[in-house]
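Those protein sequences? They're chains A and B, same order as listed.
With this note's numbering, letter number 52 in the first sequence gets 123, and the count goes up by one each step, no holes.
With this note's numbering, letter number 78 in the second sequence gets 439, and the count goes up by one each step, no holes.
Ideal Cβ placement from N, Cα and C applies to all residues, glycine included.
Quick notes on the structure that follows.
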Amino acid sequence: QKEVEQNSGPLSVPEGAIASLNCTYSDRVSQSFFWYRQYSGKSPELIMSIYSNGDKEDGRFTAQLNKASQYVSLLIRDSQPSDSATYLCAVNLRNNNDMRFGAGTRLTVKP
Amino acid sequence: DAGVTQSPTHLIKTRGQQVTLRCSPKSGHDTVSWYQQALGQGPQFIFQYYEEEERQRGNFPDRFSGHQFPNYSSELNVNALLLGDSALYLCASSLAGQGGEKLFFGSGTQLSVL
Chain A
72 QKEVEQNSGP
82 LSVPEGAIAS
92 LNCTYSDRVS
102 QSFFWYRQYS
112 GKSPELIMSI
122 YSNGDKEDGR
132 FTAQLNKASQ
142 YVSLLIRDSQ
152 PSDSATYLCA
162 VNLRNNNDMR
172 FGAGTRLTVK
182 P
Chain B
362 DAGVTQSPTH
372 LIKTRGQQVT
382 LRCSPKSGHD
392 TVSWYQQALG
402 QGPQFIFQYY
412 EEEERQRGNF
422 PDRFSGHQFP
432 NYSSELNVNA
442 LLLGDSALYL
452 CASSLAGQGG
462 EKLFFGSGTQ
472 LSVL
């Protein structure tokens, strides 16, 4: 079992729709979870972090965490073409600053 | 405030050669992590340096080695290059002791092995 798994996509949504990205992780001890956005040819940039069960909202982005199910998700409301990128789920394993990434989900938002 | 800087941006090598990549962390950061990202894949953890020592290591062979200097900058060395080593190498810095703190990435070094 991979440490961090994401639905591989690609995912395509129309402009204005909600994009839903999912991620599961294997290590129950993990406490810190992150979503990074990576545009083609660029390095990953942090867009959300979440540490507690439940929802965390930041603008059009909502991260959801369920530690019992070892599941993290990212919702993007009112999707824009500029949101088209690869979204990487990252988990800090055992809080050792050892960040592991999923393979990423490529999102395309069509005008 | 300078972010994470990496050099060089691009590099072309042939099989069997050795390569050294360099990274300067974001100001105030003391921990450097290195990742390998193959095309279409997520970043794969190579290792992490803190206080000039390798603190964590991913599933990479001994051909991959590193170093951290007193000013927190770091080098990644790869010996006996293979075609499969062609990838984007990312350096990320963070501040230790904050448990689950955020990584800040450099722009990466694109390595091509011919």
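In the three-state scheme derived from DSSP, where H, G and I count as helix and E and B as strand, D391/B is classed as coil.
Check the Cα spacing between G469/B and each of Q402/B, S434/B, T375/B, Q397/B: the tightest is with Q397/B. Short of 7 Å from the beta carbon of Q151/A, and not among the five residues preceding or following it, lie these beta carbons of its own chain, in chain order: E86, V180. For the region 363-395 of chain B, the residues whose beta carbon sits under 8 Å from a beta carbon of chain A are, in order, T392, S394. Along the region 125-139 of chain A, there is no position whose C-beta sits under 9 Å from a C-beta of chain B. Among the residues of chain A, those whose CB is under 8 Å from the CB of P404/B are P115, L159, F172, following chain order.
Against chain A, the CB of Q417/B has a partner CB under 9 Å away; the residue lies at that interface.
Scanning Q77/A, A139/A, L164/A, G112/A for the CA closest to the CA of C94/A turns up Q77/A. Of all residues in the region 422-441 of chain B, none comes within less than 8 Å of chain A when Cβ atoms are compared.
The continuous beta strand (DSSP E) containing Q409/B extends over residues 405-411.
Annotation: Cβ neighbours of G467/B in chain A (cutoff 9 Å, chain order): S114.
Pairing S434/B with V380/B gives a Cβ-Cβ distance that is not under 9 Å. With contacts defined by Cβ atoms closer than 9 Å, Y110/A and L117/A do not form a contacting pair. DSSP places L372/B in the strand class (E or B) of the three-state scheme.
Residue burial annotation: I373/B is exposed, with fewer than 16 other C-beta atoms found within 10 angstroms of its C-beta. Counting only runs of 3 or more residues that sit fully inside the region 415-439 of chain B, the beta strand (DSSP E) segments are 425-429, 435-439, in chain order. Between the alpha carbons of I147/A and R131/A lies a distance of about 6 Å.
Ranked by Cα distance from S447/B, the options E415/B, R376/B, G364/B are led by R376/B.
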